[in-house]
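A short worksheet on the structure shown next.
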Ligand code: 3PG
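In this note's numbering, the protein residues as written are 137 to 441.
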């Protein structure tokens with residue numbers, strides 16, 4: 137059996153070592169395709185792979201067609217919007233993610249971005265503090281829960297809304313549950329996005345919603361760029377010069393957002409989960425899930441059932 141790691145954005149070497157140990161202990165061969173720049177490299181590499189470990193790498197019908205031996209794809213991470221689930225099912229390929237394994241890394245970056253924003257991007261201009269401010273978390277999954285924990289350390293007042301998580305589960309975590317997305321933006325000084333990119337959430341963060349932020353509000357996006365309605369947000373931020381937007385996913389309209397001097401920042405490349413720890417956790421979990429599936433048919437974490 138051959139396991140291929142195909143990562144346009146590579147894992148830390150220590151994570152690759154961990155994956156190698158897991159796969160070799162199971163008697164499998166490990167192949168590595170990192171920093172590829174051309175889809176053809178991926179199409180060639182998957183030709184004889186039985187299992188595939190990816191990150192945000194796109195796995196579409198063309199990749200699945202080229203992967204004649206493929207039985208399983210594990211997205212080492214949370215969001216699997218980069219995998220064509222229908223095509224995978226049609227090809228008889230199991231798709232899994234590794235939920236929770238890189239969540240803390242993303243949550244820590246939220247505060248990296250947030251402190252940078254409220255301290256006016258370290259220009260020396262007087263900023264504000266986080267203590268006593270209201271943080272709104274949308275939604276309350278693995279990352280949202282870590283964000284809540286860290287926010288309490290800063291002395292923030294934490295609110296959350298999640299269309300799929302009952303209010304009592306949010307309250308049980310010591311967080312104020314609110315009844316809607318609109319209400320979350322109304323009550324929060326800072327809103328941090330943790331929703332997946334789905335047909336329902338795409339473009340859902342737009343003008344009317346973000347305009348509910350109070351004066352001096354900050355929007356933090358470490359989720360997906362697709363959830364933002366960029367033209368609407370840009371319009372609003374041009375008008376409301378009190379608002380800030382910091383993101384770990386560079387918008388398509390980055391050049392236009394850059395004109396909002398002193399109120400916008402994007403990392404050059406999504407780096408929320410780019411820590412040694414997150415790479416080790418997610419990478420090794422992916423390898424273990426592959427071994428458990430190929431040896432014992434374990435389908436826990438399958439997302440294309
Ligand atoms: C995820 O969905 O797990 C995160 O967005 C991390 O993505 P990455 O593996 O591309 O860094």
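Each residue gets a CB set at the ideal place from its N, CA and C atoms; glycine is no exception. Being a predicted model, the structure only gives us computed values, none of them experimental.
Residue i in three-state terms, based on DSSP
i: residue 322; result: helix
i: residue 193; result: coil
i: residue 239; result: helix
i: residue 354; result: strand
i: residue 285; result: helix
i: residue 339; result: coil
i: residue 360; result: coil
i: residue 330; result: coil
i: residue 258; result: helix
i: residue 390; result: helix
i: residue 272; result: strand
i: residue 266; result: coil
i: residue 165; result: strand
i: residue 383; result: strand
i: residue 290; result: coil
i: residue 247; result: helix
i: residue 176; result: helix
i: residue 157; result: helix
i: residue 311; result: coil
i: residue 202; result: helix
Proximity below 8 Å, CB of residue i to CB of residue j
i: residue 204; j: residue 226; result: no
i: residue 266; j: residue 382; result: no
i: residue 195; j: residue 219; result: yes
i: residue 359; j: residue 330; result: yes
i: residue 186; j: residue 139; result: yes
i: residue 273; j: residue 328; result: yes
i: residue 217; j: residue 333; result: yes
i: residue 235; j: residue 400; result: no
i: residue 280; j: residue 296; result: yes
i: residue 189; j: residue 423; result: yes
i: residue 348; j: residue 325; result: no
i: residue 210; j: residue 426; result: yes
i: residue 261; j: residue 229; result: no
i: residue 441; j: residue 162; result: no
Given residue i as reference, the closest of the options once Cα atoms are compared
i: residue 403; options: 254, 277, 390 and 423; result: 390
i: residue 253; options: 337, 300, 357 and 439; result: 357
i: residue 393; options: 408, 410, 378 and 371; result: 371
i: residue 222; options: 190, 181, 200 and 141; result: 200
i: residue 307; options: 276, 425, 144 and 376; result: 276
i: residue 351; options: 430, 269, 368 and 175; result: 269
i: residue 320; options: 336, 430, 302 and 346; result: 346
i: residue 285; options: 395, 213, 239 and 439; result: 239
i: residue 144; options: 173, 278 and 434; result: 173
i: residue 177; options: 164, 198 and 157; result: 198
i: residue 396; options: 300, 369 and 410; result: 369
i: residue 322; options: 214, 137 and 271; result: 271
i: residue 398; options: 314, 263 and 387; result: 263
i: residue 378; options: 335, 388, 387 and 355; result: 355
Chain-order list of residues whose beta-carbon lies under 8 Å from that of residue i (same chain, five-residue window excluded)
i: residue 290; result: 247, 266 and 267
i: residue 160; result: 166
i: residue 365; result: 339, 340, 341, 342 and 343
i: residue 150; result: 412, 415 and 416
i: residue 388; result: 361 and 366
Residues of its chain near residue i, where Cβ-Cβ distance is below 6 Å and the 5 sequence neighbours each way are ignored
i: residue 148; result: 412 and 415
i: residue 237; result: 417, 418 and 421
i: residue 298; result: 275 and 276
i: residue 362; result: 333 and 338
i: residue 312; result: 295
i: residue 141; result: 168 and 189
i: residue 170; result: 143 and 146
i: residue 303; result: 313
i: residue 292; result: 266, 269 and 271
Contacts around residue i, its chain only, beta-carbon distance under 7 Å, and the 5 residues preceding and following it disregarded
i: residue 408; result: 241, 242, 245, 358 and 384
i: residue 202; result: 179, 182 and 183
i: residue 435; result: 230 and 429
Chain C contact for residue i (CB, 8 Å cutoff)
i: residue 298; result: Structure shown: chain C not included; a single protein chain is present.
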